[in-house]
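Asker: Residue numbers (this note's numbering), protein chains in the order written: chain Z, 28 to 271; chain R, 10 to 601.
For every residue, glycine included, the Cβ atom is placed at its ideal position computed from N, Cα and C.
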Amino acid sequence: MTTITRRELITGTALALTAEGVAQGEVIQGDLPWKPGVESAPQAVHPGPWRFFTAAEGAAAEALADRIIPPDPQTPGGKQAGCAVFIDRQLAGPYGHREGEYLQGPFVKGSKQQGPQSSQGPEALYRSGLAALDRHCRMSEGGRSFAELSAQQQDGILRGLEAGTLALEGVDGKTFFQQLVKDVQQGFFADPIYGGNRDMCAWKMIGFPGARYDYRDWVGRHNERYPLPPVSIAGRPEWSVKKR
Amino acid sequence: MTERLPAKDVVIVGLGWTGSIVANELADAGLQVMAIERGPWRDAAMSYAPNYAQDELRYRIRHELFLRPDQTTFTFRNKMSQTALPIRNWGAFMPPNGVGGGGVHWNGETWRFLPSDFVAASHLKQRYGAHFLPADMTIQDWGVTYEELEPHYDQFEYLCGTSGTAGNLKGEIREGGNPFEGPRSREYPNPAQEQPFSHTLFAKAARELGYKPFPQPSGNMSRAYRNPLGVRLGPCTYCGFCEWFGCANYSKSSPQTTVLPVLVRKSNFQARDNCEVTRINLDSSGKHAAGVTFVDSAGKEFEQPAELVILAAYTIFNVQLLMLSGIGQRYDPVANRGVIGRNFTHQTISDVGSFFDSARFVFNPFIASGAIGMCIDEFNGDNFDHGPHGFVGGGYMGQVQTNGRPIESTPVPPGTPSWGAQWKQAVRENYQSALKPGTGVHGSMYSYRDVYLDLDPTYCDRFQRPLVRITMDFHANELKQNVFLTDRFAEIFHAMGARQVVKEYRKAPYDITAYQTTHLCGGAIMGTDPSTSALNRYLQSWDVPNLFVMGASAFPQNAGYNPTGTVAALAYWSVAQIRSQYLKHPGPLVHA
Numbered sequence: 028m029t030t031i032t033r034r035e036l037i038t039g040t041a042l043a044l045t046a047e048g049v050a051q052g053e054v055i056q057g058d059l060p061w062k063p064g065v066e067s068a069p070q071a072v073h074p075g076p077w078r079f080f081t082a083a084e085g086a087a088a089e090a091l092a093d094r095i096i097p098p099d100p101q102t103p104g105g106k107q108a109g110c111a112v113f114i115d116r117q118l119a120g121p122y123g124h125r126e127g128e129y130l131q132g133p134f135v136k137g138s139k140q141q142g143p144q145s146s147q148g149p150e151a152l153y154r155s156g157l158a159a160l161d162r163h164c165r166m167s168e169g170g171r172s173f174a175e176l177s178a179q180q181q182d183g184i185l186r187g188l189e190a191g192t193l194a195l196e197g198v199d200g201k202t203f204f205q206q207l208v209k210d211v212q213q214g215f216f217a218d219p220i221y222g223g224n225r226d227m228c229a230w231k232m233i234g235f236p237g238a239r240y241d242y243r244d245w246v247g248r249h250n251e252r253y254p255l256p257p258v259s260i261a262g263r264p265e266w267s268v269k270k271r
Numbered sequence: 010m011t012e013r014l015p016a017k018d019v020v021i022v023g024l025g026w027t028g029s030i031v032a033n034e035l036a037d038a039g040l041q042v043m044a045i046e047r048g049p050w051r052d053a054a055m056s057y058a059p060n061y062a063q064d065e066l067r068y069r070i071r072h073e074l075f076l077r078p079d080q081t082t083f084t085f086r087n088k089m090s091q092t093a094l095p096i097r098n099w100g101a102f103m104p105p106n107g108v109g110g111g112g113v114h115w116n117g118e119t120w121r122f123l124p125s126d127f128v129a130a131s132h133l134k135q136r137y138g139a140h141f142l143p144a145d146m147t148i149q150d151w152g153v154t155y156e157e158l159e160p161h162y163d164q165f166e167y168l169c170g171t172s173g174t175a176g177n178l179k180g181e182i183r184e185g186g187n188p189f190e191g192p193r194s195r196e197y198p199n200p201a202q203e204q205p206f207s208h209t210l211f212a213k214a215a216r217e218l219g220y221k222p223f224p225q226p227s228g229n230m231s232r233a234y235r236n237p238l239g240v241r242l243g244p245c246t247y248c249g250f251c252e253w254f255g256c257a258n259y260s261k262s263s264p265q266t267t268v269l270p271v272l273v274r275k276s277n278f279q280a281r282d283n284c285e286v287t288r289i290n291l292d293s294s295g296k297h298a299a300g301v302t303f304v305d306s307a308g309k310e311f312e313q314p315a316e317l318v319i320l321a322a323y324t325i326f327n328v329q330l331l332m333l334s335g336i337g338q339r340y341d342p343v344a345n346r347g348v349i350g351r352n353f354t355h356q357t358i359s360d361v362g363s364f365f366d367s368a369r370f371v372f373n374p375f376i377a378s379g380a381i382g383m384c385i386d387e388f389n390g391d392n393f394d395h396g397p398h399g400f401v402g403g404g405y406m407g408q409v410q411t412n413g414r415p416i417e418s419t420p421v422p423p424g425t426p427s428w429g430a431q432w433k434q435a436v437r438e439n440y441q442s443a444l445k446p447g448t449g450v451h452g453s454m455y456s457y458r459d460v461y462l463d464l465d466p467t468y469c470d471r472f473q474r475p476l477v478r479i480t481m482d483f484h485a486n487e488l489k490q491n492v493f494l495t496d497r498f499a500e501i502f503h504a505m506g507a508r509q510v511v512k513e514y515r516k517a518p519y520d521i522t523a524y525q526t527t528h529l530c531g532g533a534i535m536g537t538d539p540s541t542s543a544l545n546r547y548l549q550s551w552d553v554p555n556l557f558v559m560g561a562s563a564f565p566q567n568a569g570y571n572p573t574g575t576v577a578a579l580a581y582w583s584v585a586q587i588r589s590q591y592l593k594h595p596g597p598l599v600h601a
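#1: Under 8 Å between the Cβ atoms of proline 551 of chain R and valine 153 of chain R?
#2: Does DSSP classify glutamine 135 of chain R as helix, strand or coil?
#3: Could you work out which residues of chain Z lie near phenylalanine 85 of chain R, taking near to mean beta carbons separated by less than 7 Å?
#4: Closest Cβ-Cβ distance between glutamine 131 of chain Z and chain C: below 8 Å?
#5: Using a cut-off of 7 Å between C-beta atoms, extract the partners of asparagine 412 of chain R located in chain Z.
#6: Kindly list, in the order they appear in chain R, the residues whose Cβ is closer than 9 Å to that of methionine 232 of chain Z.
#7: Could you please give me the residues that DSSP links to serine 155 of chain Z through a beta bridge?
#8: Determine the burial state of threonine 480 of chain R: buried for a count of at least 16 other Cβ atoms within 10 Å of its Cβ, exposed for fewer.
#9: With respect to the beta strand (DSSP E) encompassing glutamate 53 of chain Z, which residues constitute its N-terminal and C-terminal limits?
#10: Report the neighbours of glycine 137 of chain Z on chain R: residues whose CB is nearer than 7 Å to its CB, in chain order.
#11: Kindly confirm or deny that the stretch 535-546 of chain R and the stretch 123-130 of chain R touch, where touching means at least three C-beta pairs closer than 8 Å.
#12: Mapping the DSSP letters down to three states, classify alanine 163 of chain R as helix, strand or coil.
#13: Does the Cβ-Cβ distance between leucine 320 of chain R and leucine 556 of chain R come in under 8 Å?
#14: Measuring only between beta-carbons, confirm whether leucine 160 of chain Z sits less than 8 Å from chain R.
#15: Mind pulling the chain Z residues with CB within less than 8 Å of valine 371 of chain R?
#16: Determine the direct distance from the alpha carbon of valine 558 of chain R to that of alanine 212 of chain R, and round the result to whole angstroms.
#17: Taking C-alpha atoms, which residue in Z/Gly247, Z/His249, Z/Asp241 and Z/Ser267 lies nearest to tyrosine 9 of chain R?
#18: Taking 8 Å as the CB-CB limit, is glutamate 487 of chain R close to chain Z?
#19: Thinking just about the alpha-carbon of each residue, which of R/Ala201, R/Asn187 and R/Glu181 is nearest to the one in serine 194 of chain R?
#20: Counting contacts by CB-CB distance shorter than 8 Å, is glycine 52 of chain Z in contact with chain R?
#21: Ignoring anything shorter than 4 residues, give me the alpha helix (DSSP H) runs that lie fully in the stretch 178-230 of chain Z, in order along the chain.
#22: Counting Cβ pairs, one atom from each stretch, are 3 or more of them under 8 Å apart for the stretch 71-88 of chain R and the stretch 97-115 of chain R?
#23: Does any residue of chain Z have a CB that is nearer than 8 Å to the CB of phenylalanine 493 of chain R?
#24: Suppose you measure from the CA of tyrosine 167 of chain R to the CA of asparagine 187 of chain R; what does that come to, to the nearest Å?
#25: Once DSSP output is grouped into helix, strand and coil, what is the label at serine 359 of chain R?
#26: Measure the CB-CB distance between phenylalanine 223 of chain R and threonine 174 of chain R and report whether it falls below 8 Å.
#27: For the pair the stretch 241-252 of chain Z and the stretch 239-256 of chain R, tell me if three or more CB-CB distances fall below 8 Å.
#28: Going straight from the alpha carbon of tyrosine 405 of chain R to that of glutamine 490 of chain R, what length do you get?
#29: Got a sec: is the Cβ-Cβ distance from serine 67 of chain Z to anything in chain R below 8 Å?
#30: So with Cβ pairs under 8 Å, would you call alanine 151 of chain Z a contact of chain R?
#31: Per DSSP, threonine 82 of chain R is paired with what?
#32: Mind checking who leucine 444 of chain R pairs with in its DSSP beta bridge?
#33: Counting Cβ pairs, one atom from each stretch, are 3 or more of them under 8 Å apart for the stretch 502-522 of chain R and the stretch 424-434 of chain R?
#34: So the beta strand (DSSP E) aspartate 465 of chain R belongs to, where does it begin and stop?
#35: Report the residue ranges of all alpha helix (DSSP H) runs contained in full by the stretch 389-429 of chain R; include only those spanning at least 4 residues, in chain order.
#36: Does DSSP put glycine 185 of chain R in a helix, a strand or coil?
Written out as structure tokens, the structure reads:
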């Protein structure tokens, strides 16, 4: 029986798992080990309460997402696109706790070329980063949280973090900023089943057709815009049978 | 308690391209063959089915089909004076895991090396004089020639159904192909793939500049194909999810789509997945392999005795098993002695981003295959006179863009903020009219005395075995090569009509976080002299004659091409010799 947890399915990173559960060494002889219906499809995240963030953290993450990708008349911003939901579900899953990474010590700071050597992963970075950001805002912005500031004030804080001129207490602000930008943008462009890119808004913005699988009829049509709208792994909303 | 399994004729470590090819050949020779694979069985129906294979986050960003560093990783440093630190998450290259190995998630670029690549050291010394080469460069001849490998390149291309246009048919130069390639005995099994807009635009501009562009040889099928083993592949649909992804469509050549369906049905073949070989066992003489020890995913240890041991893992894992099994003398860069770990190389990749007028150019970058592209070879190997330039080596270059997947393929012009309204607007404006080939300049990396593999003194894997330590940096020769090639490449994008061309040179120090390719080479190299090579010209260990080591670990230095064609040709070459000579008279095939 399957032992893949819902969370692993949701995050689409169930590794080395089959329908029999955690993969065991098997002897293969005579036939391909192929069984119908055995697959590791991802499942869409479900709307609902935050899985990782507290309410306050979630509000801050949404405000941050909306400054990293601001709304404009044609395309929603990061908040409405679901980028904070994406990050929340990712942090609650294998990505948040660094599943698969090499985590043996000693943890020694090396050169840039040797890559990140932190003992802490994204979960810890968000928890401490958002807390430090909140402390900074409340102290320097008259007791208000990041989400309560004006867009201009929010941008000013982000620019300070980016440049390294705004120091957060106990957290490397620049590292936290880079992580935020990367995650918000990934959520914006990833398949909508992961919670961001709601209604494929990011793909519509650029003209990416998504999970289509066959462009043989268009490969030779040079310099002609591809005409069909995007498709998610979960299909298109209008393909669903309408409930009467 | 270790369980001793019944003896086999052959045990193969790793069931990727070379493991599958060698297993199939040796099963055909009537031997009892066991292949042991560290990762899981993978196939489209179970691992990357067409209804969800096109998932950039899952497969590309989160590395679903790759080895996980917590299974094992490497430590890295640029210089011998530094302390190496572990690679905690992959960057510069992506080690494969599972049945099919890198053949599952490669792009399918199926190149041959140049005839002169196999005799690089003697050829370059003869043409330019020994003084022309840097003093610490350690390039060597391979001990095998292009002419000897040609039938085996051909075998692999017909196994794969490679799509391409011959440029040199039995010595006759053919229009539309690569005029610099070595003579091939027959046409590619399939015609070249149809090229999307930007790729044809590149070819046109290159032709106008006097070059001879040709389609990249592709493991993506240009039409339905039935290979000599009777396995069928479907036509590629240009889905744009090829490298890092498995092909849900059975249209990319891989062990799964070319060999395994036949191999698995042979009654004298068995495979075990999710089992990691931890060492090669030697008998009391130390000169004969008795088999291997492996551990399954439940932690149970087994011993598999065998008459013949074939190492067919990824480059560094071959080297690691040799080191941990005490086979061959480990390389010492200070004394310049020993062979295991010597002549380790990667690649010298760079890229050019270019931005076109969005009112005039719509590239539809998402319409592409893994090995799509138009290339030129004027600046590869020794296809041009290096005398005035002061470096050796080179690479092919081309518009080889494989996708428009938006997490990674949303280039914006330099100076654009990395976030905010301006970034968003720049992404919107440039997505359809910007080009970024990825591995546009595919340069060689030659070998050096201080670039090598050994065992790390501090960090261990999950079995408490020391990790392999990589010591690697770029040398002046490769950096010069890269500036020259990148400049030539950028000229072509200017000629295509780009309004802005951004050169991204490869710079020192070598950065383990920046992806280049997964073409790690060397560390257990082939050659003619046991004091400077681990293997003879048939990939047979000089020290343990019933051990053969497949893979790019045998390359004495890396050429300016993707390695898979050469890796597979060497496997066919080696196993042909095993079948015709070794099995009749087990023992050294070459007497040193």
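Answerer: Checking against the coordinates, here is how it stands:
#1: Reading off the sequence shown, one finds tryptophan at residue 551 of chain R, where the question assumed proline. No.
#2: Three-state DSSP puts glutamine 135 of chain R in a helix.
#3: The answer, in chain order, is Gln141.
#4: In the structure shown, chain C cannot be found, because the protein chains are Z and R.
#5: Per Cβ cutoff of 7 Å: no residues; asparagine 412 of chain R is ~10 Å from chain Z at best.
#6: For methionine 232 of chain Z, the residues of chain R that pass the 9 Å Cβ criterion are Lys433, Val436, Arg437 and Tyr440, in the order they occur in the chain.
#7: Per DSSP, serine 155 of chain Z has no beta bridge partner at all.
#8: With 16 or more Cβ atoms within 10 Å of its Cβ, threonine 480 of chain R is classed as buried.
#9: Where glutamate 53 of chain Z is concerned, the enclosing beta strand (DSSP E) starts and stops at 53-55.
#10: Counting only Cβ-Cβ distances below 7 Å, glycine 137 of chain Z has contacts in chain R at Leu94, in chain order.
#11: Judged by pairs of C-beta atoms under 8 Å, the stretch 535-546 of chain R does not touch the stretch 123-130 of chain R, as fewer than three such pairs exist.
#12: Per the sequence presented here, residue 163 of chain R reads as aspartate, with alanine not at that position. Of the three classes helix, strand and coil, the one that applies to aspartate 163 of chain R here is helix, per DSSP.
#13: Contact: yes.
#14: It does not: the Cβ of leucine 160 of chain Z has no partner Cβ on chain R nearer than 8 Å.
#15: Within chain Z, the residues near valine 371 of chain R are Asn250, Glu251 and Arg252.
#16: Across the structure, alanine 212 of chain R and valine 558 of chain R are spaced so that their CA atoms are roughly 39 Å apart.
#17: Since the displayed chain R opens at 10 and closes at 601, residue 9 of chain R lies outside it and no answer follows.
#18: Not closer than 8 Å to any Cβ of chain Z, the Cβ of glutamate 487 of chain R fails to qualify, so no.
#19: It is R/Glu181.
#20: With a threshold of 8 Å between beta carbons, glycine 52 of chain Z makes contact with chain R.
#21: Runs of the alpha helix (DSSP H) inside the stretch 178-230 of chain Z: 178-190 and 200-216.
#22: Contact between the stretch 71-88 of chain R and the stretch 97-115 of chain R is present, because at least three Cβ pairs lie under 8 Å.
#23: Not closer than 8 Å to any Cβ of chain Z, the Cβ of phenylalanine 493 of chain R fails to qualify, so no.
#24: Within the model, the alpha-carbon separation for tyrosine 167 of chain R versus asparagine 187 of chain R is close to 18 Å.
#25: In this structure, serine 359 of chain R counts as strand in the three-state DSSP scheme.
#26: The criterion of a C-beta distance shorter than 8 Å is satisfied by phenylalanine 223 of chain R and threonine 174 of chain R.
#27: Using a C-beta cut-off of 8 Å, the stretch 241-252 of chain Z makes contact with the stretch 239-256 of chain R, since at least three inter-stretch Cβ pairs fall below that distance.
#28: Approximately 12 Å between the Cα atoms of the pair.
#29: Chain R contact via Cβ: present.
#30: No - not a single Cβ of chain R is within 8 Å of the one on alanine 151 of chain Z.
#31: Under the DSSP definition of a beta bridge, threonine 82 of chain R lacks any partner.
#32: As DSSP reads the structure, leucine 444 of chain R sits in a beta bridge with R/Ser363.
#33: No: the two stretches stay apart, fewer than three of their Cβ pairs being nearer than 8 Å.
#34: Its beta strand (DSSP E) spans residues 461-469.
#35: Positions of the alpha helix (DSSP H) runs, each at least 4 residues long and wholly inside the stretch 389-429 of chain R, cannot be given because no such run exists.
#36: In this structure, glycine 185 of chain R counts as coil in the three-state DSSP scheme.
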